[in-house]
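J.: Be aware that the sequence shown starts at 32, since it is given in our numbering, and climbs by one per residue.
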Amino acid sequence: MKTERNISAISSGLVFILYALAMAISYDAMRSLAAANGYAGWRSYIMPFIVDLGITVFSISVLRSELLQEKRSAVSGWVLVVVYTAVSVVFNVGHVA
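Encoded structure:
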């Protein structure tokens, strides 16, 4: 039991580190893209949070819905995860192009 708890703690920590690093890279790209497209000042700084944290919030919503066996809610959550992920990918690729 203790080994399982340790493995869960280590994997959770590593997932968080991976998430934080990926979000930092994505944040920089999307902030630069927003600034280059007329979102000046504070708006260019919050736009990446709206997109990337949206993915996180909707993913947690899907997890909650699955745990509570709320299938309809899980489906709508998955749709939002896919849409926000696609937006993030488009914005990050748009920054490179």
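Just so you know, even glycine gets a beta-carbon here, dropped at the ideal spot from N, CA and C.
Source: prediction; values computed, not measured.
1) Specify whether the segment 39 to 49 and the segment 98 to 116 touch according to this definition: at least 3 beta carbon pairs, one from each stretch, less than 8 Å apart.
2) Taking DSSP as the reference, what is the three-state secondary structure of Val-32?
3) How far does the alpha helix (DSSP H) with Tyr-76 in it reach, from first residue to last?
4) Can you tell me the Cβ-Cβ gap for Gly-85 and Tyr-115, rounded? I've got them flagged as a contact below 8 Å.
5) Put Asn-37 into one of helix, strand or coil per three-state DSSP.
T.: If we stick to the structure as given:
1) no
2) First, the amino acid is wrong: residue 32 is Met here, not Val. DSSP places Met-32 in coil when its eight states are reduced to three.
3) 73 to 98
4) 4 Å
5) helix
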